[in-house]
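>
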Amino acid sequence: MENLISAMGILVFAAIAWGFCCDKGQIKWRPVIGGLFFQLLFASILFAAPGARTVFLLFSEVFTNLLGYSRDGIVFVFGELGAEKSPEGLILAFQVFPLIIVFSSIMTLLFYLRVIPWLVEEFARFLASWLKTSGAESLCAVSNIFVGIESATAVRPYLTEMTRSEIFTVLTVGMSTVASSVMAVYVMLLHEHFPAIAGHLVSASILSVPASFTISKLMVPETGDPRTTHASACRMHFEDEPSSMMESLIIGASNGAKLAVGVAVTLIAFVGILGIARGALASASGGAVSLEGMLGAAFYPFTWLMGIPVAEVPAVAKMLGERLILTEIPAYIDLAKFAAAGGSPRSILIASYALCGFTHIASVAIFVGGIGALAPVQLPVLAKLGLKALLAATLVTLMTGAVAGLFYWGQLGVLQ
């Protein structure tokens, strides 16, 4: 029954996107239907193909081992405060955020060695050929599996001439996926109760890429004439590329440090503001209404439509509400607590997929400001589309969660 609800949820989320369409008569259905088809195709391979669980476990084991080795540098600098099992408990600043620096270095090295560019370019050409999307937006979309806002620099030569629909797709896919460097944080938080989490997080980002085309092309259909209408345009462009492996490691560490600080200050500000709002609401209502309760209630129907068991809908809905306001890190911390408390494998799996995205208010400023700095002429368009893209990205992550629910049939060991 819950799998049927997940199937219905996929259609409902697409229908909501269609309802917000600015020009329904201009919708081109190939990227819409094709995006959904490839999301379901990839999910069937990832969940049902023989050996899929082995691949998840192998990838997760490699990723977890990297986390362990990476911690050597953190402990060297911060001592026991940086250890995975610190006597002081979980301290994000010392145990979690430094992982972003290490993994940013690794990713930059892989870019220098042309490993990631080759993967991105081939996948982007595949999508552009089948979905008939522009080369630039396809390249930017696939880049988001590995990097965050930096993906826009890969298509910087095309940004100023991108159509409104292309810009909307770039914003949507950016907010509905997570960078590999930040993914290390979620793995660290969840791997104790969800050993296969690393493989599933990569799976979630892969599934969200075609879903982003489905949702974005429903909400803002292409009415212009994209400059890069052929798949051959799917080639990454980067300014100031490192000239050696050592330089790539140093640049990656520096960029990772900036990202870690950015995440930290955002959490300080937003958690603090949320505390003020929580206190004000409690005072005004005499404690009868809580902010968490309001946010959770808003996500109740969408959480149920993903196929979450009814008894666990409130807990997962609260996580989705937290992500919208506070970023996904506090939401994943709550998911880890939920898993430790005995949450069902189905809910843990679906929630891990649905939470996998920079789908929060802060990301609107990050992506609009970041892309606007690269292409100032597009800033008015970016500003108008920012909040709508946040809605689109939310629908994408909900759809990805529903797809995970559709293909979960109680397989043994899905979390291990």
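Numbering (this note's numbering), first residue to last: 220 to 635. Just so it is clear, CB atoms sit at the ideal spot from N, CA and C, and this is done for glycine as well. A quick note: this is a predicted structure, and the numbers were derived from the prediction, not measured.
So, is K436 buried or exposed, given that buried needs 16 or more other C-beta atoms within 10 angstroms?
One-based indexing of the sequence shown puts residue 436 at position 217. Buried: at least 16 other Cβ atoms inside 10 Å.
> Ordered along the chain, which non-local residues of its own chain (more than five positions away) have a Cβ less than 8 Å from that of F313?
Taking the first residue of the sequence shown as position 1, residue 313 is located at position 94. Contacts found: I293, F297, L300, G301, S305.
> Please classify C575 as buried or exposed, where buried requires at least 16 other C-beta atoms within 10 Å of its C-beta.
Residue 575 sits at position 356 when you count from the first residue of the sequence shown. Under this definition C575 is a buried residue.
> Measuring CB to CB, does A417 end up less than 7 Å from F278?
Start at 1 with the first residue of the sequence shown, and residue 417 comes out as number 198. Start at 1 with the first residue of the sequence shown, and residue 278 comes out as number 59. Yes, they are a contact pair.
> Quick test of your reading: F232 and M618, contact by CB under 8 Å. State the CB separation rounded to the nearest angstrom.
By 1-based counting over the sequence shown, the position of residue 232 is 13. By 1-based counting over the sequence shown, the position of residue 618 is 399. Rounded, the Cβ-Cβ distance is 5 Å, consistent with contact.
> Quick one: residues in its chain with C-beta nearer than 7 Å to the C-beta of L426, no 5 flanking neighbours on either side, listed in chain order?
Working through the sequence shown from its first residue, we reach residue 426 at position 207. Hits under 7 Å: Q258, F261, A262, T619, V622.
> Mapping DSSP to helix, strand and coil, what is F295?
Within the sequence shown, residue 295 is the residue found at index 76, counting from 1. Three-state result, F295: helix.
> Using the beta-carbon count (16 or more within 10 Å), is F521 buried or exposed?
Taking the first residue of the sequence shown as 1, we reach residue 521 at position 302. Result: buried.
> Tell me which same chain residues have a C-beta within less than 6 Å of the C-beta of I335, skipping the five on either side of it?
In the sequence shown, residue 335 corresponds to position 116, counting from 1. Counting only Cβ-Cβ distances below 6 Å, and skipping sequence neighbours, we find L329, F365.
> The alpha helix (DSSP H) with T327 in it runs from where to where?
Numbered from its first residue, the sequence shown carries residue 327 at position 108. Counting along the chain, the alpha helix (DSSP H) containing T327 begins and ends at 316-331.
> So, under 8 Å CB-CB, S400 and S323 are touching, yes? Tell me the CB distance rounded to an integer number of Å.
Position 181 of the sequence shown, counted from the start, is the residue given in the question as residue 400. Position 104 of the sequence shown, counted from the start, is the residue given in the question as residue 323. Contact flag correct, Cβ pair sits at about 4 Å.
> Where does H410 sit, in a helix, a strand or coil, going by DSSP?
Here residue 410 corresponds to residue number 191 of the sequence shown, with the count starting at 1. Three-state result, H410: coil.
> Taking 8 Å as the limit between beta carbons, can you name the residues of its chain near M227, skipping five residues before and five after?
By one-based count along the sequence shown, residue 227 stands at place 8. Contacts found: L524.
> Using the Cα positions of T327 and A403, report the straight-line distance between them to the nearest angstrom.
As a working mapping, residue 327 is identified with position 108 in the sequence shown. As a working mapping, residue 403 is identified with position 184 in the sequence shown. Each residue's Cα considered, the two are about 15 Å apart.
> Is the separation between the beta-carbon of L500 and that of V508 shorter than 7 Å?
Within the sequence shown, the letter at position 281 stands for residue 500. Within the sequence shown, the letter at position 289 stands for residue 508. A contact, by the Cβ cut-off of 7 Å.
> Is there a Cβ from chain D that is less than 7 Å from the Cβ of V281?
Protein chains in the displayed structure number just one, and chain D is not present.
> Using 8 Å for Cβ pairs, my map puts T447 next to G354. What's the rounded Cβ distance?
Here residue 447 refers to the residue found at position 228 of the sequence shown. Here residue 354 refers to the residue found at position 135 of the sequence shown. With a Cβ gap of about 4 Å, T447 and G354 count as contacting.
> Classify M220 as helix, strand or coil using the three-state DSSP reduction.
The count along the sequence shown starts at 1 and reaches residue 220 at position 1. M220: coil per DSSP, three-state reduction.
> Apply the 10 Å Cβ neighbour rule to C359 and answer buried if 16 or more other Cβ atoms are within range, or exposed otherwise.
For the purposes of this step, residue 359 is taken as the residue at position 140 of the sequence shown. Buried, by the Cβ-count rule.
> Cα separation between K477 and W337?
Counting from one through the sequence shown, the residue named residue 477 turns up at place 258. Counting from one through the sequence shown, the residue named residue 337 turns up at place 118. Straight-line Cα distance between these residues: approximately 26 Å.
> Apart from the five residues just before and just after E541, which ones in its own chain have a Cβ nearer than 8 Å to its Cβ?
Reading the sequence shown from its first residue, position 322 is the one you call residue 541. Answer for E541: E511, L514, P549, A550, D553, listed in chain order.
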